[in-house]
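So the sequence lines, in the order shown, correspond to chains Y, A and D. The first sequence begins at 354 in the working numbering and counts up by one. The second sequence begins at 7 in the working numbering and counts up by one. The third sequence begins at 1174 in the working numbering and counts up by one. Backbone N, C-alpha and C define an ideal beta-carbon position, used for all residues, glycine too.
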Amino acid sequence: MSAAVRPSLVGDTLVMSGRALRLTMRDPVTFVLSLIFPLLLMLLMTASFAKIVYPTGGYSEFVDVGLPAFILVGIAFAAPVTAAATASDLRGGFDARIRTMPVPTLAALAGRLVADTARSAATVAVVVLVGLPLGFRFTVGPWGAVGFVLLPLLFGLGLGFLALLVAVRAPDAETVNATLNPLMLLGTFLSTGLVPKSDLPGWVQPVAEANPFSVVIEAMRALAHGGPTTRPLLEALAWSVALAVGCGALAVRAYRRRSARPAG
Amino acid sequence: MTAALADAAPRGVAASRGARPAVAADAAMLAGRHLRLMSRRPASVVSAIVLPLIFVLLFFTVFGRVMDRAGIDYIDYLLPAAVIQAVFFCGISAAILAAEDASGGMLNRLRTMAVSRSAPALGLLGAELARSLLSLGVLLAIGTAFGFRFHGGPWRALGFPVVMLAFAAALVSCHIALGFALRRVEAVTVATNLVYFPFLLLSNAFAPAAAFPSWLRPVVEQQPVSRVADALRALTTSDAALARPLLIAGAWLAGLLVLGALGASRALGRSA
Amino acid sequence: MTAAVEAEGLVKAFGDRRALDGLSLRAEAGTIVGLLGPNGAGKTTTINVLTTVTRPDAGRATVAGHDVVREPALVRAAIGVTGQFAALDGGLTARENLVLFGRLMKLGRAAASRRADELLERFGLTEAADQRTAMLSGGTRRRLDLAASITREPAVLFLDEPTTGLDPRSRLALWDAVRELRASGITILLTTQYLEEADALADRITIIDRGRVVAEGTAEDLKRRIGGTVCHVRLADPAEAPAVARALAPLGVASVVPDGVSLPAAGPQTLVAAVRALDDARAAGRLAATIEDIGLRRPTLDDVFLALTGHPAAADGDDEAAPLGRPAAGVGA
Ligand SMILES: Nc1ncnc2c1ncn2[C@@H]1O[C@H](COP(=O)(O)OP(=O)(O)O)[C@@H](O)[C@H]1O
Ligand SMILES: [Mg+2]
């Protein structure tokens, strides 16, 4: 009988994702807020800063150029939430049972990331749908639009694995938030997402240029508005995959090393 | 102090009633408890010290140049905004601590003890005021390093922390009422964010009201956070008229303080 | 008979502390083995090693015929575990938990759902089925936790202190559930701090202390070794205990316990003999102690330890678990 009970990476990841989606849906307020947050930020920042950043252009230009940044803000600040939930899983009893079951480590960890990616897709859709009447334009055609939607999801997966790594290593859920939130703030702000590179102070320019958030944002802009696409796209893909694989491997290793001793 | 407590304990409630004015002592003791809780919580330390710093640094580096081009000395403009934001963080922290006490049974326990009724709220308020001063110190230090100056002389400069404390008292007491009333930490987190983002970002705190679309401008100019920012900025300059912004901000803050006090005492009276 | 669990010379150290110090253990297929020991004895560490959660530093163990270090996946496929703390997803309902764990044990969607309903029924959880588990009472959660460990019937079931912290009624309900599982042919290894519990459930008992086995046998064997009952002398001043122990020495191994002296008893005659011996000693001027109480009582885990290890079962003091030496109401009943 038990011969059929084999760990299954794909099957178990799907089951764990189903659980994570269910938990997400069970808390609709948090879900809706996570969608509203980037919208709110986009509307408020546009209202207050558009005229200052683009004195001659204005609101629609700010939205057109800044929209990728607001998508990434939405995705980036969902990562700590997922990580905190994972940290609670690890400290509560749930993980204690999973460890005694025929479930691959990666599946145990990655379930929440799949659910998160679904949520990120909703974020992208909402921000784009609101951005379109406010001035955001796709000028490249359907394939560009598809890439524009998929790229942030892939990068979000990379950020998700980074967040998982922190969750596995941190002593509690609060430390997870306290570590990741400042990190995400730095990543999203010290980028070329909100203000053109030439308007940043000299010492920040190289930082902003190297920042993976900027890399992804520039690639998204190319996908939406045209211009040289191949190189920015490859750079963005490289960053996303490197983050996912690197942090994923480290997280799995750290998870295996953790002693499974729930509080108490 | 422990010795005094030990002496008082066996005599019971009636005796310590006789010994009276407990409000201040109780509140001070509870404020100490909250400060200790905060110092042990990484999230509190981060939101009291690290986040305000990061926001100043980020806004200054990202928007400094474009603001300069628009004719605004951004560090002078930004610092009052950062102080206001730090006070909001105090408010959010107060709401969460209040909700934890209300849902975790601490509040009920305190009510069965010989502790004066308003002490839980006052103690929390005291702790958050202390915390706001810490954030202010950190922000002034970093701001000065980036070129922030009080241009209006020592008296105006002294008014700055006073107005901040008044703002903190009003905002924190409203948040305490919110925390006691909602009790669930998740609900409190949501509610405080719904207050924080619109009030802070739809104000003249980070960008001047003139940059907003014209139909939004009246709201941006009139709302209390902008009025407090006006008062704080008037205190950093030498030439601005002082009386008008101080009076308007003062009226708002008095109103908010009354609202918070009423709300907190109602929530305290109800929660059983 | 074949062994469903077999462990030999397990060693596990945390820092310089040896949680397991050469522990060996065997459970025949289809039996219940009780692992009895005080707080900190190494019970949970043993379970963790046998359930592939912790790697032993030395020694080997097989569960359901598979090596726990080399074939963890096969072991996991064959076991169910109910840990010392409820291992459930607090955000999901009771039913959703059972379906989830059934799916992770590779039951199909329909099969997992059917099995969940069956288990809810069998463990009296139908009323709790649609409540989130975080809201359930301790006893209900424990039963659900047990149900979650058998979504796919395991060959070996591990229960770590399954009734610690439960009220007496929930405890009896859980005992019934465990007996039923044994009746269906599952091998069960359960840990407990209560002699009474091991006595009520286990076919064989292994007593461990400081990571080592101190005794092994059926409940009857062990009770025989400690005499079935003890004669206990409570003293006003424990400092007098050595003198009292000397006076009782001719009657057996009298040992000093925290509140007096304790002596294995063969029956009421031991009590009579003890009273006489104390009187004689007093008359001869060899004893001045004030005796507060003297009587026969059922052996407790403390007595077992005293009898077998020569030292009291000092709790590790690392958590709030029930004190040792609860009245052993069930023994011999
Ligand atoms: N992860 C760990 N890290 C450090 N010490 C541990 C760990 N797990 C157990 N110990 C120690 O090992 C000993 C045995 O613990 P445990 O197996 O939990 O005992 P029991 O379950 O019998 O109460 C105790 O002294 C405990 O403090
Ligand atoms: Mg244990």
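Using a Cβ-Cβ cut-off of 8 angstroms, residue 492/Y does not count as an interface residue toward chain A, since no Cβ of chain A sits closer than that to its own. A residue is called buried when at least 16 other Cβ atoms come within 10 angstroms of its Cβ; residue 247/A does not meet this threshold and is exposed.
Closer than 8 angstroms to the CB of residue 1226/D there is at least one CB belonging to chain Y. Neighbourhood of ligand 2, defined by CB distance below 7 angstroms to any of its heavy atoms: 1216/D, 1217/D, 1257/D, 1333/D, 1334/D, 1364/D, in chain order. Taking the Cβ atoms as the reference, residue 1458/D lies roughly 51 angstroms from residue 1193/D, outside the contact range of under 8 angstroms. DSSP places residue 29/A in the helix class (H, G or I) of the three-state scheme. By the Cβ test, the stretch 255-274 of chain A is in contact with the stretch 172-179 of chain A, since at least three Cβ pairs between them sit closer than 8 angstroms. Residue 1315/D has its Cβ no nearer than 7 angstroms to any heavy atom of ligand 1.
The closest heavy atom of ligand 1 lies less than 7 angstroms from the beta carbon of residue 1214/D.
Taking a Cβ-Cβ cut-off of 9 angstroms, the neighbours of residue 73/A in chain Y comprise 405, given in sequence order. Taken from the Cβ of residue 1232/D, every heavy atom of ligand 1 lies 7 angstroms or farther away.
Using beta-carbon distances, residue 379/Y counts as an interface residue toward chain D, with a partner under 8 angstroms. In summary, residue 42/A is exposed, with fewer than 16 beta-carbon neighbours lying within 10 Å of its beta-carbon over all protein chains present.
Burial check for residue 1257/D: the Cβ neighbour count within 10 Å reaches 16 or more, so the residue is buried. Residue 168/A holds the alpha-carbon nearest to the alpha-carbon of residue 242/A among 121/A, 108/A, 168/A, 267/A.
Rounded to whole angstroms, the Cβ separation of residue 105/A and residue 225/A is 29 angstroms, and the two are not in contact under 8 angstroms. Bridge pairing for residue 1236/D: 1178/D, 1239/D [DSSP]. Taking a contact as a CB-CB distance under 8 angstroms, the pair residue 387/Y and residue 472/Y counts as one, their CB atoms being some 7 angstroms apart. Put simply, the CB of residue 60/A is near chain Y, with a gap under 8 angstroms to one of its CB atoms. The closest heavy atom of ligand 1 lies less than 7 angstroms from the beta carbon of residue 1192/D. Residues of the stretch 211-238 of chain A with a C-beta atom less than 7 angstroms from some C-beta of chain Y are 212, 213, 217, 218, 219, 222, listed in chain order.
Contact annotation: residue 1450/D and residue 1420/D have beta-carbon atoms nearer than 8 angstroms. By DSSP's assignment, residue 1430/D forms a beta bridge with 1433/D.
Not a single heavy atom of ligand 1 lies less than 7 angstroms from the C-beta of residue 158/A. If you check the CB distance, residue 1361/D and residue 1332/D come in under 8 angstroms. For residue 1246/D, a Cβ of chain Y is located within less than 8 angstroms of the residue's own Cβ. Beta-bridge pairing by DSSP links residue 1404/D to 1436/D, 1469/D. For the stretch 374-402 of chain Y, the residues whose beta carbon sits under 9 angstroms from a beta carbon of chain D are, in order, 375, 376, 379, 380. Listed in chain order, the beta strand (DSSP E) elements of length 3 or more contained wholly in the stretch 501-548 of chain Y amount to none. Judged by DSSP in its simplified three-state form, residue 106/A adopts helix. With a cut-off of 8 angstroms on Cβ pairs, the stretch 1216-1226 of chain D is not in contact with the stretch 1298-1316 of chain D, counting fewer than three such pairs. By the CB criterion at 8 angstroms, residue 1185/D and residue 1229/D fall inside the cutoff.
By the 16-neighbour rule on beta-carbons within 10 angstroms, residue 1366/D is buried. Short of 6 angstroms from the beta carbon of residue 467/Y, and not among the five residues preceding or following it, lie these beta carbons of its own chain, in chain order: 370. Between residue 525/Y and chain D, the shortest Cβ-Cβ separation is not below 8 angstroms. At least one heavy atom of ligand 1 lies less than 7 angstroms from the C-beta of residue 1210/D.
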